[in-house]
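Data block below; observations after.
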Amino acid sequence: MWKEMIHHCKKELPYEACGLLTGKNGIAKTIWQMKNIDQSPVSFSMDLEQIRRVFETISKTDESLLGIYHSHPTDKAYPSAGDIANSNYPDVGNLIISFSNNIPVVKCFQIIGKTVIPLNIEVVD
Ligand SMILES: [Zn+2]
């Protein structure tokens with residue numbers, strides 16, 4: 020899933036990519052590649068109808084939304100002013116995959132209002 024997330028972001032370059040991670044007990048189980056309707060290298064917006072379908076699907080499972088990921092094609096792995104302003108899910112992890120260096124860097128943050136809190140992420144098999 021980790022690889023799929025990075026692969027998805029790589030595939031969408033030079034645009035930002037975005038997606039959702041769902042699971043339970045803090046462990047992500049399913050990745051949902053979402054469409055970036057902005058088609059932009061500096062911002063992303065998800066399609067509301069696509070989000071609605073994902074939530075409808077996961078409502079029939081024991082999974083819930085744990086994370087939202089998106090890429091920064093040229094910026095560092097830290098929420099931009101726009102990311103902070105547009106963040107509507109204070110309870111989930113916001114993963115940012117940065118391609119500003121040769122090796123993709125993934126970092127995770129909780130965004131509560133204007134407060135950004137780094138979260139630890141662990142990749143498990
Ligand atoms: Zn961003």
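Quick note: the sequence shown, position 92, residue 111 per the numbering used here, numbers continuous. Each residue gets a CB set at the ideal place from its N, CA and C atoms; glycine is no exception. Quick caveat: nothing in here was measured; it's all calculated off a predicted structure.
Rounded distance between the beta-carbons of residue 24 and residue 38, thought under 8 Å: 7 Å
Rounded separation between residue 58 and residue 64 - CA only: Whole-angstrom Cα-Cα distance: 9 Å.
Where the beta strand (DSSP E) through residue 95 begins and ends: It is not in any beta strand (DSSP E) - residue 95 carries neither H nor E in the DSSP assignment.
Residue from 111, 123, 137 whose Cα sits closest to the Cα of residue 44: Checking every option, the nearest Cα to that of residue 44 belongs to 111.
Reference residue 69; option with closest CA among 94, 32, 132, 54: 54
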